[in-house]
Amino acid sequence: LGKIQLREIQALKGISFAVELGEAIAFIGRNGAGKSTTIKLLTGILKPTSGYARVLGRDAFVGRQNNNYHIGAVFGQRCQLRWDISAYESFELLKNIYKVSDEDFRVILNKFREILELDKFLYQPVRTLSLGQKMRVELCAAFLHRPQIVFLDEPTIGLDIFSKTVILNFLKRVKNKGNTTIFLTTHDTSDIEELCERTIIVEEGQILFDGLTSSIQSKINIGSQVVFTLENTRPTLPGCFNHDYIEILDNQMIVHKVTEKELPLLLTEVLKSNRVLEMKVKSPDFKEVLKEFYQQKNIIKGVKNA
């Protein structure tokens, strides 16, 4: 038998951030980046080996029991409701656990059942619900006690477009009220664009980016895609641009990664030798921006470690 080699892996490496009440923040990274460990620290499940995690003014681990009354959580497809009873009966159990008054329970549930469109299945056993229906009752359960912070881990994974729209509309309404912090981890870039003005990107337990979601693109060299529709089918390529970033499709010349500064020069070069019928500038979508961010940061990291 071979000898088993064990090595210690540091899940988080000196990360530091603060989140204000009412913020909607995306905490994202590739698998193994440290997202789940961070959530476990903030919810008091894990105790940090160094440093500290404070939530709602308390040590997250020591004050876990108190914090539980002010925190909600939805973890992907893991169900927190009782499987063999109806969602409504589970809500009643949660009402007693979180000490929600009868009047508050009635008002909150009536509002949520309308926004999340729960009436058709509110009294069915949870085990009979579809994935989209389960996620909607899970969200209702997470917000039922009016938490100050809600942790959402992949809340729209695998959902049909109808359920996803209902859930995102609900979360946007919560966000717009400004009295609940939303801490979102997801691989769905459209969720981030819809909900989160701020994004933290982690990789190998370290923070690569913390700032406005809209400013991620400014941190990398990605540029835009410029599509020229030409009269001629054998275009002359612009000599001042890397031809690896240029593709020809019939009478179209597509130039990738064109920066704002390069655009006037590119147009001059193309017009010099080609008859242009139409030009379109297409900005990269958020998914492309994130993909390029990871690629460029890994290149930079590789150079530093060489």
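For the sequence shown, our numbering gives the first residue as 1473, with consecutive numbering after it. Using N, Cα and C, we set each Cβ at its ideal position, and we do this for glycine too. Since the model is a prediction, treat every value here as computed from it, not as a measurement.
- Along the length of the stretch 1649-1736, whole beta strand (DSSP E) runs at least 3 residues long occupy 1653-1657, 1670-1675, 1678-1684, 1696-1702, 1718-1721 and 1724-1730, reported in chain order.
- In the DSSP assignment, L1603 falls outside any beta strand (DSSP E) and within the unbroken alpha helix (DSSP H) covering L1603 to F1615.
- For V1546, there is no enclosing alpha helix (DSSP H); the enclosing beta strand (DSSP E) covers residues I1543 to F1547.
- The residue from T1628, P1619 and I1621 with its alpha-carbon nearest to that of K1606 is T1628.
- Residue environment analysis places A1532 among the buried positions, since at least 16 neighbouring C-beta atoms fall within 10 angstroms of its C-beta.
- Looking from the CA of F1713, the closest CA among W1555, F1593 and T1731 belongs to T1731.
- Bounds of the beta strand (DSSP E) holding F1499 are A1496 to G1501.
- Per DSSP, the continuous alpha helix (DSSP H) segment holding E1586 begins and ends at D1574 to I1587.
- DSSP lists I1543 and T1653 as the beta-bridge partner residues of I1621.
- Annotation for E1750: the continuous beta strand (DSSP E) segment containing it runs V1748 to K1754.
- Closest by C-alpha distance to G1529, out of L1493, G1504, I1500 and G1711, is L1493.
- Where T1509 is concerned, the enclosing alpha helix (DSSP H) starts and stops at K1507 to L1514.
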